[in-house]
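J.: Got a structure here, written out as structure tokens. Questions coming.
Number of protein chains: 2
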Amino acid sequence: MPNGGQPTIVSIAARAGVSIASVSRVLNGQGARRDTTERVRRAAAELGYVPNAVARSLKGGRTRQLTFAMPDIGNPVYVAMVRAIQAVTKAAGYRLLLHSTDAVAEDELAVLRSLGDRTSDGLIICPIRITDEHIETLITAAGPVVVIGSLPPGVPVDSVRADSVAGAAIAVRHLHATGRRRIAFINGPSDTVPGHNRDEGYRTALAECGLTYDERLVVHTDFDIDSGAAAARRLLTEAPDAVFCANDQLALGAAHTLLARGLRIPEDVAVAGMDDSALAQAGWPPLTSVDLGSSERGRRAAELLLDRLENAAEPGSAPRTTTAPPRLVVRGSTAPATDPRSARSA
Amino acid sequence: MPNGGQPTIVSIAARAGVSIASVSRVLNGQGARRDTTERVRRAAAELGYVPNAVARSLKGGRTRQLTFAMPDIGNPVYVAMVRAIQAVTKAAGYRLLLHSTDAVAEDELAVLRSLGDRTSDGLIICPIRITDEHIETLITAAGPVVVIGSLPPGVPVDSVRADSVAGAAIAVRHLHATGRRRIAFINGPSDTVPGHNRDEGYRTALAECGLTYDERLVVHTDFDIDSGAAAARRLLTEAPDAVFCANDQLALGAAHTLLARGLRIPEDVAVAGMDDSALAQAGWPPLTSVDLGSSERGRRAAELLLDRLENAAEPGSAPRTTTAPPRLVVRGSTAPATDPRSARSA
DNA sequence: ATGAAAGCGCTAACAC
DNA sequence: GTGTTAGCGCTTTCAT
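Sequence order for the protein chains is Z and X.
Under this note's numbering, the first sequence has 122 at position 42, and the numbering climbs by one with no breaks.
Under this note's numbering, the second sequence has 241 at position 161, and the numbering climbs by one with no breaks.
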């Protein structure tokens, strides 16, 4: 037996007494005589035939599979992107392959290069850092790629970015508007694009609000809960009346430290995060957070990719870049400490 | 140009001045003369050759891809499974395809049937309900399948299950041992396997502890945060001194309701969840939870599947079933209300 | 409307 | 050690 005993168009053709070409036509909904159509269909059903997608791909040169590579499948932000991408690609008849790179640059490059093995027709990748090697590999990729993140100008690749500068600024202004004056900032690594941009937004907004930047109120650390808790412990000596965090995990960690020290949120200290992930609603009190449009970015990226795929006409046509606008989601963690009215000005 | 201009073994053969067979051999590390080997390698490198995985799969009958189908990619329990499965399959040289079925039975069946399209070599599936149709489809599946969940006896399919009966019982005994006597229970739908088993564990443990089952203390609802919050609101009139929840999301929701009503956790009411997902640590106070071995189950399932794949010898050999033992993880949400000593007896 | 046959890119006999 | 050739299962001309 050549294969595992699976029925193929050959078995169907034999059973129905027609040629394999007729089987193929009938199964793909092309014209055939009533009689032929029926016999083929019946034979296929009786045999429990399922078309071999691999053979079809080899012939057609397309797999109808797309890949999404993200740094961390456990991060709700990427889960939101997956959902959005899934919705778009599924509607277009594509399967989605998920790949977690664990933020390892080498792994990201490997995914990029693996486009050449024709396992998927296109790729959406969300790199946390973008090195020269990334750009090099991006340019020579064997298929269409869309980057979720900030590409340097001039790189001929479609991309979708978040406006975390504006996002951070919105949060800081909100905290100021609700009466906070000592606004601490727990940020991620400063050598990442997100970290750098959030820092810029923080500084800008402080200036706008007439507050001075005080480096004792700023901590750079990793993007997870424990780091947030540790950072908050260090900041406590500075007696901030608000803690703005570069993502929800950091905010959750910071909130734990504050509550454990007996401080009340938001009465004594306000806490705000970014991403508006599922964690923000899960926190106590529910966390104010800046939605950077994860779903929106995912959806947009998928659309751009599909567009390249369907209109493969001009592979060299100008790259497109979209920016998702940030949106503040106010919850309990930043209710005004003193004058409830001022909350309205947010 | 036949394909998208991608180099193939034909282009390499031409450039190196050898036959395609030699190219194939060299690239697959088989014997060849020094000179030949070198010329092929150089040609491949210059052309930026990447083997076409589709063609290789068609020839070899295997894709070296595995599929994991779970109900909800946003649920930390499944994320933990993905991580564990990924680790095992990656080490064995398999790629992992992720599929979120959204707990839709029809989607689960579709995934099962799609094994026939040869897109992946095997499947791990985590169905939330198991209907007769599931079993039927499972049996006639076109490739090896491992189920994470409880299969009725007699179904000839490998499976890995959690012991949620024992898990629920551990939690209840812990609450009793730390001084709680009015232990409410927020459970998922009773017509699901997990819901049914947790209920059994709850009843058993209550009896062991000499407490009587009081249906006013029990609520059946959906497995999410909002349902947990709503259920807790209903239970408040019964003044429980502990709330045991069938998963962490329910526990988180319940905790929110309690805190919002000004009750203290654990001083006034203890709260415990199940799954020990990332959410348990994210909650406030950090949630005591029963680890049902998500990682363990994922790992085990992957191992079973790989074993079937490698030793495809006897497809009809006896199905194996593993059960992962539950483990209580005590955190702040169930510290004893009165006598700190009694916590030791947990 | 239908059948014969070519070929997608690769591996593996089989000859030389 | 190397080349020739036959498929893997399918779609798609090209004849008939």
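Beta carbons are placed, not taken as given, at the ideal position from N, Cα and C, and that holds for glycine.
How many whole angstroms separate the CB atoms of residue 212 of chain Z and residue 399 of chain Z, which I take to be in contact at a CB cut-off of 8 Å?
T.: With 8 Å as the limit, residue 212 of chain Z and residue 399 of chain Z do not qualify as a contact, their Cβ atoms being about 18 Å apart.
J.: Tell me the rounded alpha-carbon separation between residue 421 of chain X and residue 310 of chain X.
T.: Low per-residue confidence applies at residue 421 of chain X: pLDDT is 40, beneath 50, and the placement is therefore not dependable, though the value from the model is reported in the following sentence. If I take the Cα positions, the gap works out to 33 Å.
J.: What does residue 339 of chain Z touch in chain X if you count any residue whose Cβ is under 7 Å from its own?
T.: Ordered by position in chain X, the residues that pass the 7 Å Cβ test against residue 339 of chain Z are 364.
J.: Note the first and the last residue of the continuous beta strand (DSSP E) segment covering residue 267 of chain X.
T.: Residue 267 of chain X -> beta strand (DSSP E) spans 263-267.
J.: Sort out for me which residues DSSP pairs residue 407 of chain X with in a bridge.
T.: DSSP output for residue 407 of chain X lists X:371 as bridge partner(s).
J.: Fully enclosed by the stretch 235-305 of chain Z, which beta strand (DSSP E) runs are 3 residues long or longer?
T.: List check, beta strand (DSSP E) in window: 238-242, 263-267, 298-300.
J.: Spell out whether any CB of chain X is found under 9 Å from the CB atom of residue 278 of chain Z.
T.: No - not a single Cβ of chain X is within 9 Å of the one on residue 278 of chain Z.
J.: Could you tell me whether the Cβ of residue 385 of chain X comes closer than 9 Å to any Cβ of chain Z?
T.: Output row for residue 385 of chain X: interface = no.
J.: Under the three-state reduction of DSSP, which class applies to residue 420 of chain Z: helix, strand or coil?
T.: Only weak support is given to the placement of residue 420 of chain Z: the predicted model assigns it a pLDDT of 45, under 50, and the question is left unresolved by the model.
J.: Is the number of C-beta pairs between the stretch 145-163 of chain X and the stretch 109-119 of chain X that are closer than 8 Å three or more?
T.: Segments in contact, no.
J.: Could you round the C-beta distance between residue 143 of chain X and residue 193 of chain X to whole angstroms and report it? I think they count as a contact, below 8 Å.
T.: The pair is not a contact, with the Cβ atoms about 17 Å apart (cut-off 8 Å).
J.: Who are the neighbours of residue 132 of chain X on chain Z, taking C-beta pairs under 7 Å?
T.: Going along chain Z in sequence order, the residues near residue 132 of chain X (Cβ under 7 Å) are 197, 198.
J.: For residue 359 of chain X, return the contacting residues in chain Z, with the cut-off set at a CB-CB distance below 7 Å.
T.: Correct list: 362.
J.: Residues of chain Z with CB under 8 Å from residue 143 of chain X, in chain order?
T.: Ordered by position in chain Z, the residues that pass the 8 Å Cβ test against residue 143 of chain X are 134.
J.: Does DSSP put residue 223 of chain X in a helix, a strand or coil?
T.: In the structure shown, residue 223 of chain X sits in coil (DSSP, three-state: anything other than H, G, I, E or B).
J.: Please name the residue, chosen from Z:264, Z:397, Z:372, that lies closest to residue 228 of chain Z on a Cα-to-Cα basis.
T.: The option with the nearest alpha carbon to residue 228 of chain Z is Z:372.
J.: By DSSP, does residue 147 of chain Z sit in helix, in strand, or in coil?
T.: In the structure shown, residue 147 of chain Z sits in a strand (DSSP, three-state: E or B).
J.: How would you label residue 175 of chain Z, buried or exposed, when you count the other beta carbons within 10 angstroms and need 16 or more for buried?
T.: Buried, since its Cβ has 16 or more Cβ neighbours within 10 Å.
J.: Distance, Cα to Cα, residue 242 of chain X vs residue 375 of chain X?
T.: Looking at the two C-alpha atoms, the distance is approximately 11 Å.
J.: Exposed or buried, which one is residue 129 of chain X when buried takes at least 16 other CB atoms within 10 Å?
T.: Classification for residue 129 of chain X: buried.
J.: Measure from the C-beta of residue 307 of chain Z to each C-beta in chain X and report whether the shortest distance is under 9 Å.
T.: It does not; no Cβ of chain X falls within 9 Å.
J.: Let me make sure I understand the geometry here. Which of X:290, X:365, X:264 has the alpha-carbon closest to that of residue 338 of chain Z?
T.: Answer by Cα proximity: X:365.
J.: I need the boundaries of the beta strand (DSSP E) containing residue 180 of chain X, first residue and last residue.
T.: Looking at the DSSP string, the run of the beta strand (DSSP E) that includes residue 180 of chain X is 175-180.
J.: Check residue 199 of chain X in the structure and name its three-state DSSP category.
T.: If DSSP states are grouped into helix, strand and coil, residue 199 of chain X belongs with coil.
J.: Return the CA-CA distance between residue 208 of chain Z and residue 268 of chain Z, expressed in angstroms with no decimal places.
T.: If you take the alpha carbons of residue 208 of chain Z and residue 268 of chain Z, they lie about 11 Å apart.
J.: As a quick exercise: from Z:314, Z:397, Z:205, Z:354, pick the residue whose alpha carbon is nearest that of residue 406 of chain Z.
T.: The shortest Cα separation from residue 406 of chain Z among Z:314, Z:397, Z:205, Z:354 belongs to Z:354.
J.: Return the CA-CA distance between residue 161 of chain X and residue 90 of chain X, expressed in angstroms with no decimal places.
T.: Cα to Cα, the separation comes out at about 42 Å.
J.: Considering only C-alpha positions, which residue in the set X:103, X:290, X:185 is nearest to residue 121 of chain X?
T.: Nearest option by C-alpha distance: X:103.
J.: Is residue 333 of chain X helix, strand or coil by DSSP?
T.: Correct three-state label for residue 333 of chain X: helix.
J.: Could you give the DSSP three-state label for residue 326 of chain X: helix, strand or coil?
T.: If DSSP states are grouped into helix, strand and coil, residue 326 of chain X belongs with coil.
J.: Excluding five sequence neighbours on each side, which residues of the same chain lie with their C-beta closer than 6 Å to the C-beta of residue 76 of chain X?
T.: The first residue shown for chain X is 81 and the last is 426, placing residue 76 of chain X beyond what the model contains.
J.: Residue 145 of chain Z and residue 200 of chain Z - do their beta-carbons sit closer together than 9 Å?
T.: Yes, they are a contact pair.
J.: Between residue 416 of chain Z and residue 294 of chain Z, what straight-line distance do the alpha-carbon atoms span, to the nearest angstrom?
T.: Between residue 416 of chain Z and residue 294 of chain Z, the C-alpha separation is close to 22 Å.
J.: Skipping 5 residues on each side, what residues in its chain have a beta carbon closer than 7 Å to that of residue 385 of chain X?
T.: These residues qualify, in order along the chain: 146, 202, 204, 224, 226.
J.: To the nearest angstrom, how far is the alpha carbon of residue 333 of chain X from that of residue 414 of chain Z?
T.: One C-alpha to the other measures close to 20 Å.
J.: Using the beta-carbon of each residue, which ones in chain X are nearer than 8 Å to residue 193 of chain Z?
T.: 130, listed in chain order.
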